[in-house]
Each structure stands twice: as structure tokens, then as C-alpha cells.
Amino acid sequence: MMFKDNDILAFTLANPVEALPAQFITSEGVRVQTWDTGIFCLTPEQPGHKDIILSCGVHGNETAPIEIVRDLVKNILSGEVALAHRLLVLIGNPPAINAGKRELEENLNRLFSGAHSKGEGNNAERRRAKQLEAAVARFYGERPTAERLHYDLHTAIRGSRHEKFVVYPFLHGQPPSREQMMFLAECGVDTVLFSESPTTTFSYFSTNEFAAHGFTVELGKVRPFGENDMRRFQAASDTLTKLVSEFSLPLPIYDESRLNLYRISRVINKKTAAFAFTFGDDVENFTPFKKGHLLATDADTEHRVELEEEAVIFPNAKVAVGQRACLLVTRTSL
Ligand SMILES: [Zn+2]
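The working numbering applies: residue -9 is where the sequence shown begins, and numbers increase by one.
Structure representation (C-alpha cells):
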């Protein structure tokens, strides 16, 4: 079955809960399989050595990456872009995309590595996390020797001092890939935040369970469909196109001066309903504060900067009590 206008997004949003398995071959010989809604496996006749996963829409209102991935697949299906490697495209949360919301009931990007089956409750996001895990396992499992890559594409709720950045999942002591960091720099993503503990994100799942090079890639600020200035995403879109269409991608040698490297210094959790930040909603991610600065209050607790300088990212005072209200990060080097 072909997709009208080669548009996998329109197809997915018209069938947000389920799609029957189907396949066809493009005139360029690419086998296109629908495994389920929003889950598409593309295989060229002579696949190169990379198995690439591009996921988007894990948060339903993060539209720019969804548009980038839709357009890339459109270009592959029309033959405008030649596919060199196996490619699994995942549109994470179709019902939330239809609703224009980040999530319907639960943050999908906290439900991986089995978290979907822990505790009470069974909702659409939990079922979807399980389904996406199975798709990743099937895709990577079909070819154990390939180089495994997974870029989970997002946009952030607030602005950022570093517009584009990645979260590098915890590697359990393995060294980070300098080659991957140069690839990301070529995508315009010049800031890397090293996670220092296991999490339940999608990219940690692929990294930890399948030895993939996996990243949560933040490409800019959340905007509704049609309101994204796609020029701001051109480098990312161009480099992802090269990644899927060139058998080997020439990359510059590692140059740390092109990168801003951060590590997480602390996690601040919300302990009571009285939790409040001292700064406004317009404070951008990676805004630095000096030692002693009062960042937040939580009933009787004061959260102050402890290192010479710490920057705040992902602050959200509205999370449920017990959840993470923000991360504090500090500059690091390799
Ligand atoms: Zn997101």
C-alpha cells in the first residue's frame, strides 16, 4: 500500500491507534514496511552498514522534528533522496499529536526500559512505549553486526541559551563517541549534556539494551504545526539526509572547541505543592547562576547554587509532587 502524497504523517494521524502491517517497494527498490501505526521500516536493495532509527513526536506537540522526518521520508519515497542504509522511522505518540498535546496521560519519554509495566495503570502511552520497544528490538535484532544509531528528535518547552543540544545517555563507564559528537555538531547541535545515571528515556533504552549510539536531540523551541521557521532546522535536516543517503559520511576530526559540554551536577525534585522557582517562565535553558543564588523554595527548603556556577535546564514547577522539577548542570570537558 502506498501513502497518499508519500505522506507517512498524514497516514499515521488518520490511523492514530493502529495500522495493519503492509509493505510495498518503491521504484528505486526500497522496501517500505508498515509495522504498525507510526512505525515504518525502510530497506534499500543493498543496505549499508548502519541501522538508523529516527524517532519524533514522542512528545506530541513537538512538531518541527515530525515535519523534518515526514519530509525526509517523502523524499526517499519519491526517489529524490537515495536510501543507503536500513531506516526505522518512529512517530512516537500519534494520538497526542492529533490532540496537539505533549502527552495524553503520561510522559511517554519516561516509560522505557520496562517502566511502562511498573506500578499501577495501563494507558495509551504505556502501551505505546511497549510497542516502540518491540519495534526497536525487531529492527536491531534483524542484523546484529550493524552500526546502530538512534536519534530521538525533540523540541524544548522553553528557549535555550544553546538552541540545539543533545542529552547523551548514561554509558555505564563507556567513553562517549567523539565521532558522534562531530556528527551532531554538523547537524548544528553544538551542546552535549552527559547524563550520569540510568533513566527511562527512549534514547537510554536503545543505548543501554542495544549498544546503539543513541541521543535525545533537542532541536529548538516547541511551536505548532506550520509555525516552525524551517530554516532554523536546515542543518539538521540536511545532515540527517546525508546520514541516510551516503554509505560513509565524512566527518571532521574531533574538535572540542566546537562543543559546549555539560554534566549534570544535581537533580532537584519537587517535595511539596508549595514548590516555586525564584525565576520567571522566560528564563532559558542553560541560564547560569552563581554560587549561593537562591533558585527555588519548597516549603521550608531553599535550593541554592552550590558550585561556582550552575545552569538550570528543564525547569518545570508544575510537575507532580515527587517528580523532577529541574536539572542543574555544570561545564565539563573530555
Ligand atoms: Zn520532547
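The beta carbon of each residue, even a glycine, is placed where N, CA and C say it ideally should be.
- In this structure, ligand 1 has no non-hydrogen atom nearer than 7 Å to the beta-carbon of Val309.
- The continuous stretches of alpha helix (DSSP H) do not include Gln36, and DSSP gives it neither H nor E.
- Checking the 7 Å criterion, the Cβ of Glu52 is within range of a heavy atom belonging to ligand 1.
- Phe267 is the residue among Phe267, Glu300, Gly312 and Ser103 whose C-alpha sits nearest the C-alpha of Glu292.
- Residue pairing for Gln224: DSSP places it in no beta bridge.
- With a threshold of 7 Å, the Cβ atom of Asn99 counts as near ligand 1, since some heavy atom of the ligand is closer than that.
- Secondary structure of Ile58 (DSSP, three-state): helix.
- If only complete runs of 4 or more residues are kept, the stretch 115 to 160 shows no alpha helix (DSSP H) anywhere.
- As far as DSSP is concerned, Ala9 takes part in no beta bridge.
- Judged by DSSP secondary structure, Phe195 falls within the alpha helix (DSSP H) whose first and last residues are Phe192 to Phe200.
- Of the heavy atoms belonging to ligand 1, none sits nearer than 7 Å to the Cβ of His152.
- DSSP places Ala301 inside the beta strand (DSSP E), whose first and last residues are Glu299 to Ile303.
- Per DSSP, reduced to three states, the secondary structure at Val63 is helical.
- Here Ser167 has His203 as same chain residues with Cβ atoms under 7 Å from its own Cβ, once five neighbours each way along the sequence are excluded.
- In the three-state reduction of the DSSP assignment, Lys(-6) falls in the helix class, which pools H, G and I.
- A distance below 7 Å between beta-carbons, with the five flanking residues on each side excluded, links Lys91 to the following residues of its chain, in chain order: Gly50 and Asn51.
- In the structure shown, Val79 adopts extended strand secondary structure according to DSSP, grouped into three states.
- Taken atom to atom, the span from the alpha-carbon of Glu217 to that of Glu176 is near 24 Å.
- Taking C-beta atoms as the reference points, Leu230 and Leu62 count as a pair closer than 8 Å.
- According to DSSP, residue pairing for Thr287 in a beta bridge involves Ala266 and Glu292.
- If the five residues before and after Thr53 are omitted, its C-beta is found closer than 7 Å to the C-beta atoms of Arg213, Pro214, Phe215 and Asn218, all from its own chain and listed in chain order.
- C-alpha of Phe102 to C-alpha of Pro55: approximately 20 Å in a straight line.
- When Ser185, His144, Leu174 and Met172 are compared, the shortest CA-CA separation from His162 is found for Ser185.
- For the pair Glu35 and Arg117, the Cα-to-Cα distance works out to about 33 Å.
- Rounded to the nearest whole angstrom, the CA to CA distance from Thr262 to Asp288 is 6 Å.
- Apart from the 5 residues on each side of it in sequence, Leu284 sits with its Cβ closer than 7 Å to the Cβ of Thr268, Glu292 and Arg294 in its chain, given in chain order.
- In the structure shown, Arg168 adopts helical secondary structure according to DSSP, grouped into three states.
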